[in-house]
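Residue numbers (our numbering): -5 to 506.
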């Protein structure tokens, strides 16, 4: 009988799963074989799983050309990610390490996008200071240019009216150009306009330079929003636009008080040099980091004005024009109005402007939450009523500094709340023409700023600073009546009056 020698491992039961090291190796192999929808679409495009040309990453390199997502609204799933390839784990449940090279590309792509957005936000920050800082510079500008304070305040009127008129015209003229070229031209005009303002020896030349600066601002702000929407991935478009437009918010809270402090304690021309320097920084940044972005077929000027065929759209735009007219009739001449409280001290006026800007940011946050959780029409009416009550308190708060602090803090909150609710109701009027409505709303906003500055200047010269309170209150009460009567029931515009893809194309017409 022959003895059979058994193997040493014959008595062992084979394990149904591979060991940990083998599992990791298998997981890495399976992860390389994971094919996302984006990779599958590229495989079909290049004809099979063989060696394919490497597609360009969506980064913010200045040598790259991007296309707006609205060129193919139905193929948003095939849009490359703005932050590079996937860094996903394998789908079979085994924990694996992410590919290091992919994660590095992911981080680089995200940092490039943030750099682009911050660069665009620097430009809107400079524009925000330029638009609003005149309220703290009326007195020094009037002394230096040897004009009255009411005449100095008309510089705000000239800037705002130029912005409102030139914005749709320049948008139509530059619709087929690359957004990078348009941004560079806009910032060049803006910087030259502010340099000319800082150097202008006479009031007439300052006024001409304000028109040039307004032309650059009206061209930059909507195109910066369009560039942010094209650079960011689809799921981050809203946050990208909010980041760029956040430059205006930061300018209200910090830039305007700083500019007012420089203008009051050094020279108002120093503030203009500061704005020009910020614009030059944005110009260099756009040159270096913003890619070439080509928008789709442009919207004609006639189509941009199509929503005006709805009477409720006209009423909503009239409302925002009345609100901004009432506010800027007072805000443009806030320095002379609060002179009894500040004693002509530029530092105290800067503190008041800082408090107002900070509370406006708080009101903007509160207004967004209330507009989402409450009836926007009721929120708007309540905020408008509170806004009118605060404006009527000007005689109480303008004579002592503590009272002025309380008054400007109260002034910032309801104004921001009503504006957020107004924007939501405006969008709900004609959802298919939202971008066009927002563009018209921006024009109405700056038109109201110009009218308010003109009316406030005339009242300041005729009746003095104390008259601005009741003029602003009366104008705002007219807005309250309009909100109660003409804007009570929803209505919609006929579908044919709005371009089919306007919801994507017109994203550049964000309010500023």
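Built from N, CA and C at the ideal position, the CB exists for glycine as well.
Just list the alpha helix (DSSP H) runs in the segment 142 to 214, keeping only unbroken ones of 4 residues or longer that don't cross its boundaries, in chain order. For the segment 142 to 214, the continuous alpha helix (DSSP H) assignments of 4+ residues that do not extend past its boundaries occur at 143 to 167 and 173 to 193, in sequence order.
Go ahead and pull the three-state DSSP assignment for residue 101. For residue 101, the pLDDT reaches just 47, beneath the cut-off of 50, and the residue's location in the model is therefore unreliable, although a value from the coordinates is still provided. The answer is helix: DSSP assigns residue 101 an H, G or I state.
Measuring only the C-alpha atoms, how far is residue 319 from residue 124? Each residue's Cα considered, the two are about 18 Å apart.
Kindly indicate the opening and closing residues of the alpha helix (DSSP H) around residue 319. First-last of the alpha helix (DSSP H) with residue 319: 305 to 325.
Determine whether the beta carbon atoms of residue 211 and residue 184 lie at a separation below 8 Å. In contact: residue 211 and residue 184 (Cβ atoms closer than 8 Å).
Between the segment 393 to 413 and the segment 260 to 279, do three or more beta carbon pairs fall short of 8 Å? The segment 393 to 413 vs the segment 260 to 279: no contact.
Could you tell me if residue 287 is buried or exposed, where buried requires 16 or more neighbouring beta carbons within 10 angstroms of its beta carbon? The residue in question, residue 287, is buried, as its Cβ has 16 or more Cβ neighbours within 10 Å.
Going by CA-CA distance only, name the one from 323, 261, 415 and 382 that's closest to residue 367. Taking residue 367 as reference, the option from 323, 261, 415 and 382 with the minimal CA-CA separation is 415.
Same chain only: Cβ atoms within 6 Å of residue 502, ignoring 5 sequence neighbours per side: Legend: pLDDT at residue 502 = 35, less than 50; position of this residue unreliable, value from coordinates given subsequently. The residues are 216, 217, 219 and 220.
Would you kindly report the start and end of the unbroken alpha helix (DSSP H) that includes residue 335? Boundaries of the alpha helix (DSSP H) around residue 335: 333 to 336.
Contact check, residue 411 vs residue 465, beta carbons under 8 Å: By the CB criterion at 8 Å, residue 411 and residue 465 fall outside the cutoff.
Can you give me the Cβ contacts of residue 168 inside the same chain, cut-off strictly under 6 Å, excluding the 5 residues immediately before and after it? The beta carbon of residue 168 sits closer than 6 Å to the beta carbons of 176 from its chain, once the five residues preceding and following it are set aside; these are given in chain order.
Can you name, in chain order, every residue of its own chain whose Cβ lies under 8 Å from the Cβ of residue 509, other than the five neighbours on each side? Any property of residue 509 remains undetermined from this structure, which presents the chain solely from -5 to 506.
Pick out whichever of 365, 222 and 160 has its Cα sitting closest to the Cα of residue 209. That would be 160, whose Cα lies nearest to the Cα of residue 209.
Give me the residue from 417, 334, 395 and 348 with the minimum Cα distance to residue 371. If you compare the alpha carbons of 417, 334, 395 and 348 with that of residue 371, the shortest gap goes to 417.
Closer than 7 Å by C-beta to residue 314: which residues in its own chain qualify, once you throw out the five before and the five after it? Chain order, please. Result list for residue 314: 416, 435, 438, 439 and 442, in chain order.
Cα-Cα, which of 369, 341 and 408 is closest to residue 353? For residue 353, the nearest C-alpha among the options comes from 408.
Exposure label - residue 262; buried when at least 16 CB within 10 Å: Buried is the call here.
Less than 8 Å between the C-beta atoms of residue 273 and residue 265, yes or no? In this structure, residue 265 does not lie closer than 8 Å to residue 273 by Cβ.
Is the number of C-beta pairs between the segment 377 to 394 and the segment 442 to 452 that are closer than 8 Å three or more? The segment 377 to 394 makes no contact with the segment 442 to 452, as fewer than three CB pairs between them are under 8 Å.
Which residues in the same chain have their Cβ closer than 8 Å to the Cβ of residue 182, if we skip the five residues on either side of it in sequence? So the list reads 210 and 277, once near-sequence residues are dropped.
Alpha carbon to alpha carbon, how far is residue 156 from residue 336? Rounded to the nearest angstrom, the two C-alpha atoms are 32 Å apart.
Rounded to a whole number of angstroms, what is the C-alpha to C-alpha distance between residue 520 and residue 130? What the structure shows of the chain is the stretch from -5 to 506, and residue 520 is not part of that stretch, so it cannot be assessed.
Where residue 416 sits in the DSSP three-state scheme: The answer is helix: DSSP assigns residue 416 an H, G or I state.
Rounded separation between residue 180 and residue 431 - CA only: Rounded to the nearest whole angstrom, the CA to CA distance from residue 180 to residue 431 is 23 Å.
Does the structure place the segment 236 to 246 close enough to the segment 113 to 124 that three or more beta carbon pairs sit under 8 Å? A contact exists between the segment 113 to 124 and the segment 236 to 246.
Output yes or no for whether 8 Å exceeds the beta carbon distance between residue 207 and residue 476. Not a contact, by the Cβ cut-off of 8 Å.
How many Å lie between residue 135 and residue 113 at the Cα? One C-alpha to the other measures close to 30 Å.
C-alpha distance - residue 383 paired with residue 151, whole-angstrom precision: Residue 383 and residue 151: Cα-Cα distance of roughly 25 Å.
To which residues of the same chain is residue 365 closer than 7 Å at the C-beta, ignoring the five residues directly before and after it? Within the same chain, residue 365 has close Cβ partners 373, 414, 415 and 418.
Look at the Cβ atom of residue 132, then the Cβ atom of residue 254, and state whether they are nearer than 8 Å. The criterion of a C-beta distance shorter than 8 Å is not satisfied by residue 132 and residue 254.
With a threshold of 7 Å on Cβ separation, who are the neighbours of residue 332 within its own chain once the five nearest residues in sequence on each side are excluded? So the qualifying residues of the chain are 343, 346, 392 and 398.
So what's residue 342 in DSSP terms, helix, strand or just coil? Reduced to three states, the DSSP call for residue 342 is helix.
What's the call for residue 203, buried or exposed, on a 16-neighbour Cβ count within 10 Å? That one is buried.
Are there 16 or more other CB atoms within 10 angstroms of the CB of residue 251, so buried, or fewer, so exposed? So residue 251 ends up on the buried side.
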